[in-house]
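Accompanying notes for the structure given below.
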Amino acid sequence: MPWPGPAAHKHARGRLGVVSGRMHQTGAARLAARAGLRIGAGLVKVLCPPDATAVLAGALEAVMVQPFHGPEDLRREAEPMDAVVIGPAAGLDEATVFNLAALERTGAALVVDADALSVFEGRADMLFQ
């Protein structure tokens, strides 16, 4: 990965979004956000359900935290990201399916893991459309 020049803006290093689970399920998202910083992302933002905002904000340094209120709100917040991670503690319900569909419309590279894969068990054809 090329090192940016001294006058380069942090966005020249890339923007990473990490979708978190609810208040009691934020650990994997926190680890993914920290990993993004360690590999050199210029901006890392955790996108979370509103009840997880205080937990995440109190546990993360140098990471932005932004609550979202549904799939379209998530899409708007993720739109400027270069890559988005979704899955750990995302939930095994239809909300995860809708959130992933919204993220697919952003143009960001997606890392789909854990619950965001498991929710498609028995219906993988939906995942690969």
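Count the sequence shown with numbering that gives the first Met the number 0 and you get residues 0 to 128, in order.
We put the beta carbon where it would ideally sit given N, CA and C, even for glycine.
Note that this is a predicted model, so its numbers are computed, not measured.
Near residue i, which residues of its chain fall below 8 Å by C-beta distance, leaving aside the five closest residues on each side in sequence?
i	result
His-68	Pro-49
Thr-105	Arg-74, Ala-77, Glu-78, Met-80, Val-83
Leu-59	Arg-29, Ala-32, Arg-33, Val-45
Going along the chain, which residues of its own chain have a beta-carbon closer than 6 Å to the beta-carbon of residue i, five neighbours each way excluded?
i	result
Gly-16	Lys-44, Leu-46, Ala-77, Met-80, Val-83
Val-54	Met-22, Thr-25
With distance defined between alpha-carbon atoms, name the residue in the options nearest to residue i.
i	options	result
Leu-42	Met-22, Arg-21, Val-64, Ala-6	Val-64
Thr-52	Gly-90, Ser-117, His-23, Ala-11	His-23
Ile-38	Glu-120, Ala-123, Gly-57, Arg-14	Arg-14
Glu-103	Pro-70, Val-118, Ala-123	Pro-70
Ala-32	Gly-4, Arg-122, Val-110	Val-110
Report buried or exposed for residue i, applying the criterion of at least 16 other Cβ atoms within 10 angstroms of its Cβ.
i	result
Ala-61	exposed
Ala-108	exposed
Asp-92	exposed
Asp-124	exposed
Pro-66	buried
Leu-99	buried
Gly-57	exposed
Met-0	At Met-0 the pLDDT is 49, less than 50, meaning the model places this residue with poor confidence; the figure from the coordinates comes in the next sentence. Exposed, since its Cβ has fewer than 16 Cβ neighbours within 10 Å.
Gly-132	The question about residue 132 has no answer here: the residues shown for the chain are numbered 0 through 128.
Gly-121	exposed
If you drop the 5 nearest sequence neighbours on each side, which residues of the same chain put their C-beta closer than 7 Å to that of residue i?
i	result
Leu-116	Gly-86
Thr-134	Absent from the model: residue 134. The displayed extent of the chain is 0 to 128, so no value can be given.
Pro-3	Ala-11, Arg-12
Lys-9	Gly-41, Leu-42
Gln-128	none
Phe-97	Pro-70
Counting only beta-carbon separations shorter than 9 Å, does residue i have a partner in chain C?
i	result
Lys-9	Annotation note: the requested chain C is absent from the structure, which comprises a single protein chain.
Requested in this report: Report the residue ranges of all alpha helix (DSSP H) runs contained in full by the stretch 68–98; include only those spanning at least 4 residues, in chain order.
Outcome: 70–77
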